[in-house]
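Asker: For the sequence shown, full-length UniProt numbering gives the first residue as 1, with consecutive numbering after it. Yeah, the Cβ is synthetic: ideal placement off N, Cα and C, and Gly gets one too. All figures in this text were calculated on a predicted structure; none of them were measured in a lab.
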Amino acid sequence: MHIDSGFLGTVLPRDNLKCGTGGVKLVYGLRNGVVRYSIYSGDPNGYFTIDPVSGAIRTASELDHEAYQSVLLNVQAMSGDPPSYGHCQVNVIIHDVNDNAPEFDSPTVRISVPENVELGAALYAAHASDPDGGDNGAVRYSLSVNPGALFAVDPRRGTLTLARHLDYETATRHALVVAASDLGSPPLSSNLTIHVEVQDVNDNPPVFERPEYTASVPESLAANSQVVQVSASDSDTGNNARLTYSVFRIIIINVFIGRNPCVSHHEFTALVVEVSTRIQPDIPLIHFYRLLPSEGYKPGTSSGEFDVFGIFPNSGSVYLRQPLDREKRSRYVLRVVATDNGTPAGTATASIVIVVTDVNDNDPEFTKPAYEFTVEENMGSGTIVGTLHATDQDLGPNAAIRYSLSPANGSFHVDPINGEYRKQ
């Protein structure tokens, strides 16, 4: 008896082939006796069986292309007594089918993103793996849930980027879903949910309730008395919204009362540096203000002479630091700055106009300490002998002067309004 032997060939079953289905049938020509077939090596996992009589090779368990792409079976044929043997090899290449969906490491992730991150910045790298081969294992990414179209994902790399600007004050968190799909037919997919926590940055300056405040105070107001309450708000959160108030500029307006006042003016320029975080945060924004100081100002005098008001930095309450004198200064214009505690800091400014109201704290003063008039002995009744004149630096009724003689004189009288001194 003689049995032909050698390499039989290649068989291409699918990796999802059901158990017991046929694969290949071996047929050997017989010269004498009955042939018996067996697989003696090459199949350690027992994927295949062979019919000992017909030589048909079938699957014994489900195949997995991802575990083994091919199996080389060594087949033996036996016949006769004493037996004769023949051998051949069957190379079984397992063909891949799309039986695996792409898989993320975790179904959910959380990331934190500052609200001022630039457009196009990479926020997260999503990655899904697919053990299939060829197009069945090629993964493509897309956003299946993308509120407000704020985000974008690279279809090949899975890199999540920012497509539109974030605003913490509008929304503090976003939930989006990245889908990973393979290129199989039909395609399989899985999802990754990304929770984006928006971090607040100091991108909102404080805003005063009003751009200008006006207050009237009596000049007799005691030091440390509250003058006006200012208030600002900041739409940021945390330290970025914690405000500090300060007075950074005072403009003093002088009003002089009386006839022919003796006034000397000295004009100077005060330089105030306000650091603005809205335009080039590292460069101070410089403003120039022209101020008119009070009478008697000496060049070179410190601007501290104008510091008659203070402000409580936390409450914004403006208070008086020095006694007021309306006759010297009747009106103040303050610039108040509110600064938050963010990094960098945001600022806002407001004006406060403080009008000093008059109190009757000045006595009338005659222009002369003594008056001397000459009269004729036969002067007629009602003849003007002279005129008395007094001034009062107060205002309104406090400065309205009335003249009278004390004690009364039967020979003369004075006009209470204009101070004319007449013969009785």
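For histidine 65, which of Tyr47, Ile57, Tyr403 has the nearest alpha-carbon?
Answerer: On the sequence shown, position 65 is the one that residue 65 refers to. Answer by Cα proximity: Tyr47.
Asker: Could you tell me which residues DSSP puts in a beta bridge with isoleucine 93?
Answerer: Here the question's residue 93 lines up with position 93 in the sequence shown. Isoleucine 93 is bridged to Ser70.
Asker: Grouping DSSP H, G and I as helix and E and B as strand, with all else coil, what is arginine 422?
Answerer: Here the question's residue 422 lines up with position 422 in the sequence shown. Looking at arginine 422 - three-state DSSP - the assignment turns out to be strand.
Asker: How long is the line joining the alpha carbons of alanine 400 and histidine 413, rounded to whole angstroms?
Answerer: Residue 400 sits at position 400 when you count from the first residue of the sequence shown. Residue 413 sits at position 413 when you count from the first residue of the sequence shown. When rounded, the distance between both Cα atoms is 20 angstroms.
Asker: Leaving out five residues before and five after serine 315 in sequence, what residues of the same chain have Cβ atoms less than 8 angstroms from its Cβ?
Answerer: Residue numbering aside, residue 315 sits at position 315 when the sequence shown is read from its first letter. Cβ within range, chain order: Gln229, Tyr245.
Asker: Tell me the DSSP secondary structure of proline 147 in three-state form.
Answerer: For the purposes of this step, residue 147 is taken as residue 147 along the sequence shown, with counting starting at 1. Helix at proline 147.
Asker: Can you tell me whether proline 397 is helix, strand or coil according to DSSP?
Answerer: In the sequence shown, the residue the question calls residue 397 occupies position 397. Helix.
Asker: Taking only runs of the alpha helix (DSSP H) that begin and end inside the region 166-236, which ones reach a length of at least 4 residues, in chain order?
Answerer: Here no run is fully enclosed.
Asker: When DSSP builds the beta bridges, which residues end up paired with phenylalanine 309?
Answerer: Taking the first residue of the sequence shown as 1, we reach residue 309 at position 309. Paired residue(s): Leu320.
Asker: DSSP state of aspartate 340, grouped into three classes?
Answerer: In the sequence shown, the residue the question calls residue 340 occupies position 340. Strand.
Asker: For alanine 122, which beta-bridge partners are listed by DSSP?
Answerer: Position 122 of the sequence shown, counted from the start, is the residue given in the question as residue 122. According to DSSP, which records beta bridges pairwise, alanine 122 is partnered with Thr161.
Asker: I'd like the span of the beta strand (DSSP E) that includes serine 41, first residue to last.
Answerer: Locating residue 41 in the sequence shown gives position 41, where the first residue counts as 1. That run of the beta strand (DSSP E) goes 35-41.
Asker: Which stretch, first to last residue, makes up the beta strand (DSSP E) that contains threonine 49?
Answerer: Reading the sequence shown from its first residue, position 49 is the one you call residue 49. Per DSSP, threonine 49 belongs to the beta strand (DSSP E) from 48-50.
Asker: Would you call the CB atoms of leucine 143 and valine 177 closer than 8 angstroms?
Answerer: Position 143 of the sequence shown, counted from the first residue, corresponds to residue 143. Position 177 of the sequence shown, counted from the first residue, corresponds to residue 177. Going by C-beta atoms, leucine 143 is nearer than 8 angstroms to valine 177.
Asker: Is there a Cβ from chain D that is less than 8 angstroms from the Cβ of glutamate 372?
Answerer: The structure shown contains no chain D; it is built from a single protein chain.
Asker: Three or more C-beta pairs closer than 8 angstroms, one from the region 358-378 and one from the region 207-226: is that the case here?
Answerer: The region 358-378 vs the region 207-226: in contact.
Asker: Round the Cβ separation of proline 102 and alanine 180 to the nearest angstrom and send it over; I've been treating them as touching at under 8 angstroms.
Answerer: For the purposes of this step, residue 102 is identified with residue 102 of the sequence shown, where counting begins at 1. For the purposes of this step, residue 180 is identified with residue 180 of the sequence shown, where counting begins at 1. With 8 angstroms as the limit, proline 102 and alanine 180 qualify as a contact, their Cβ atoms being about 4 angstroms apart.
Asker: From what residue to what residue does the beta strand (DSSP E) around glycine 386 run?
Answerer: On the sequence shown, residue 386 is found 386 positions in, with the first residue counted as 1. It spans 384-387 - the beta strand (DSSP E) in which glycine 386 sits, taken as one unbroken run.
Asker: Give the secondary structure of isoleucine 417 by DSSP, where H, G and I count as helix, E and B as strand, and everything else as coil.
Answerer: Taking the sequence shown and counting its residues from 1, the one referred to as residue 417 is at position 417. Three-state DSSP puts isoleucine 417 in coil, outside helix and strand.
Asker: Indicate the three-state DSSP secondary structure (helix, strand or coil) for alanine 60 in the structure shown.
Answerer: Translated into the one-based positions of the sequence shown, residue 60 becomes position 60. Coil.
Asker: Look up glycine 410 in the DSSP assignment and say whether it is helix, strand or coil.
Answerer: Here residue 410 is taken as the residue at index 410 of the sequence shown, counted from 1. Of the three classes helix, strand and coil, the one that applies to glycine 410 here is coil, per DSSP.
Asker: Taking the Cβ atom as the reference point for each residue, do alanine 232 and alanine 122 lie within a distance shorter than 8 angstroms?
Answerer: Working through the sequence shown from its first residue, we reach residue 232 at position 232. Working through the sequence shown from its first residue, we reach residue 122 at position 122. Contact flag unset, no.
Asker: What are the partner residues of glycine 86, as DSSP defines its beta bridges?
Answerer: On the sequence shown, position 86 is the one that residue 86 refers to. DSSP lists Ala77 as partners of glycine 86.
Asker: Are the Cβ atoms of arginine 329 and valine 356 separated by less than 8 angstroms?
Answerer: Here residue 329 refers to the residue found at position 329 when the sequence shown is read from its first residue. Here residue 356 refers to the residue found at position 356 when the sequence shown is read from its first residue. Yes, they are a contact pair.
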